[in-house]
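*Asks:* For the protein sequence lines, the chains are A and B, in the order given. So that you can map any letter, position 58 of the first sequence is 60 in the working numbering, and since no number is skipped, the others follow by simple counting. So that you can map any letter, position 143 of the second sequence is 145 in the working numbering, and since no number is skipped, the others follow by simple counting. Below is one structure. I have some questions about it.
There are 2 protein chains.
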Amino acid sequence: MTPTFHDRAESLVQRTGARVTRQRIEVLAILLSARRALTHHEVEDRANRSLGIDRVTVYRVLEWLTAHELAHKIAGEDRVWRFNAAGDEGGRSHAHAHFKCNDCGDVICLDEVRAARDIRLPSGYRSQAVELTVKGLCAECVPARKHS
Amino acid sequence: MTPTFHDRAESLVQRTGARVTRQRIEVLAILLSARRALTHHEVEDRANRSLGIDRVTVYRVLEWLTAHELAHKIAGEDRVWRFNAAGDEGGRSHAHAHFKCNDCGDVICLDEVRAARDIRLPSGYRSQAVELTVKGLCAECVPARKHS
DNA sequence: GGCCTTAATGCAACAGAGTTGCGTGCAAGC
DNA sequence: GCTTGCACGCAACTCTGTTGCATTAAGGCC
Ligand SMILES: [Mn+2]
Ligand SMILES: [Mn+2]
Ligand SMILES: [Zn+2]
Ligand SMILES: [Zn+2]
């Protein structure tokens, strides 16, 4: 939400060649400023409170950002999409792994971890992408062990 | 749905020590007879049409089967759970990978494929499970290439 | 077999995430 | 500035799954 994120967002939206709207800039800035993947609800909270952006618009903008590879979305077990601004990898396919905390639900990208691509499939099957998700406890949710 | 599946289902339910109900047997038999993971809707269709089992009961039975490790469930991108009878691996943790067809949505277990467990996480993070999903096209959905 | 206890079922109402339809507004091209 | 059509806002909707509660039936006991 600092000017920096807003400016980066604006230039990224401009680069697509499509319409540069306040809503697209703002939602992308929110994603850029987050260090973890945000649910629609979290984005809406911030976008609606500060700028009155409608929840349906948030859904549509998130989808638009994903389609234009300015963001990517992650399916969770809680049946909620989480969105992350695309990293500096630019538009390249979303090939990295993810971590999801079993306690607080936070999701982060493990940008350096890639899934093996050479997986044996039944005959006739064709692989297009491999998704790897590590589940566990994030640093905040790991119980303290200092005095145990 | 053949007697064999029904009988196997009945003995598996009995083995848990909990109540052996028609609904539990029938739903498990349906899962056992399927070669791919079934959505709640698919199970309900078969269970409701043939035996009039209520949809809420189907939800509860599927959850119960999962809790007792007679089935396991897979989260999909379409916000729909898919259920599979647990393989002969018995109650052992659901450690294998899955394949999901991007075209028809079918999900199958890749029983022999396991995800690497030694993944580097940010400091303080703890891993509890690793999920691996291959996406692509199943044999039925791969476009025919014979005459190309 | 019949009785009792309690877990499981059936039904209706509810909840949350996401979608659709349509009238209005505003970005961008001229 | 004026026009055009994409995007927005709002309301109504769909779909998957959940909860509350009265009723049924599994299984232990005699
Ligand atoms: Mn990611
Ligand atoms: Mn499986
Ligand atoms: Zn956490
Ligand atoms: Zn397929």
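We put the beta carbon where it would ideally sit given N, CA and C, even for glycine.
1. Looking at the structure shown, is V60 (chain B) part of a helix, part of a strand, or coil, going by DSSP?
2. Let me check understanding here. Comparing Cα to Cα, which of A:C103, A:A118, A:L123 and A:I121 lies closest to V136 (chain A)?
3. Compute the beta-carbon to beta-carbon distance between A11 (chain A) and N86 (chain A), rounded to the nearest angstrom, for a pair I have assumed lies under 8 Å.
4. Would H149 (chain A) be called buried (16 or more neighbouring beta carbons within 10 Å of its own) or exposed?
5. Where do the N-terminal and C-terminal ends of the beta strand (DSSP E) with I110 (chain A) fall, by residue?
6. Short of 9 Å Cβ to Cβ, which residues in the segment 124–141 of chain B face chain A?
7. Mind checking the segment 50–79 of chain B against chain A and listing, in chain order, the residues whose C-beta falls within less than 8 Å of any C-beta there?
8. Beta carbon of E142 (chain B): closer than 7 Å to some heavy atom of ligand 4?
9. So is G93 (chain B) buried or exposed if we call it buried at 16+ other beta carbons inside 10 Å?
10. Cutting at 6 Å between CB atoms, please list the residues of its own chain near L134 (chain A), excluding the five before and the five after it.
11. Would you mind stating whether Q25 (chain A) and V63 (chain A) have Cβ atoms separated by less than 8 Å?
12. Applying the criterion that 16 or more other CB atoms from any shown protein chain within 10 Å of the CB defines a buried residue, is R84 (chain B) buried or exposed?
13. Mind checking whether the beta-carbon of D120 (chain B) lies closer than 7 Å to any heavy atom of ligand 3?
14. Tell me whether H96 (chain B) is buried or exposed, calling it buried when 16 or more other Cβ atoms sit within 10 Å of its Cβ.
15. Report the three-state DSSP secondary structure of S125 (chain A) (helix, strand or coil).
16. Tell me which residues share the same chain as L53 (chain A) and place their Cβ nearer than 7 Å to its Cβ, disregarding the 5 neighbours each side in the sequence.
17. Report yes if the C-beta of L139 (chain B) is less than 7 Å from at least one heavy atom of ligand 4; otherwise report no.
18. Helix, strand or coil: which one does DSSP assign to T18 (chain A)?
19. Does the beta carbon of R38 (chain A) come closer than 8 Å to any beta carbon on chain B?
20. Which chain A residues are close to V144 (chain B), counting only those with a beta carbon under 9 Å from its beta carbon?
21. Alpha carbon to alpha carbon, what distance is there between A36 (chain B) and E46 (chain B)?
22. I want to check one thing, is the minimum distance from the CB of D80 (chain B) to the heavy atoms of ligand 4 below 7 Å?
23. So what does E133 (chain B) bridge to, in DSSP terms?
24. Going by the C-beta, is C103 (chain A) closer than 7 Å to any heavy atom of ligand 3?
25. List the residues of chain B that R116 (chain A) touches, going by C-beta distances under 8 Å, in chain order.
26. With a threshold of 7 Å (Cβ to nearest heavy atom), would C111 (chain A) be considered close to ligand 4?
27. Alpha carbon to alpha carbon, what distance is there between L14 (chain B) and H70 (chain B)?
28. Can you pull the DSSP bridge partners for T41 (chain B)?
29. Check the Cβ of F85 (chain B) against every Cβ in chain A and list those closer than 9 Å, keeping chain order.
30. Quick one: measure Cβ to Cβ for L112 (chain A) and R128 (chain B), integer angstroms, because I've assumed they're closer than 8 Å.
*Replies:* In terms of the structure at hand:
1. helix
2. A:C103
3. About 14 Å; that fails the 8 Å criterion.
4. Only weak support is given to the placement of H149 (chain A): the predicted model assigns it a pLDDT of 48, under 50, and the question is left unresolved by the model.
5. V109 to R116
6. P124, S125, G126, Y127, R128, S129, Q130, A131, V132, E133, L134, T135, V136, K137, G138, L139, C140 and A141
7. A77, G78 and E79
8. yes
9. Only weak support is given to the placement of G93 (chain B): the predicted model assigns it a pLDDT of 47, under 50, and the value that follows is read from those uncertain coordinates. That one is exposed.
10. A99 and A117
11. yes
12. buried
13. no
14. buried
15. coil
16. E28
17. yes
18. coil
19. no
20. G126, Y127 and R128
21. 13 Å
22. no
23. A:T135
24. yes
25. The contacting residues do not exist; R116 (chain A) stays about 10 Å from chain B at best.
26. no
27. 10 Å
28. B:R84
29. The premise fails here: F85 (chain B) is roughly 14 Å from chain A at the closest Cβ pair, so nothing lies under 9 Å.
30. Contact doesn't hold; Cβ gap of about 14 Å is too wide.
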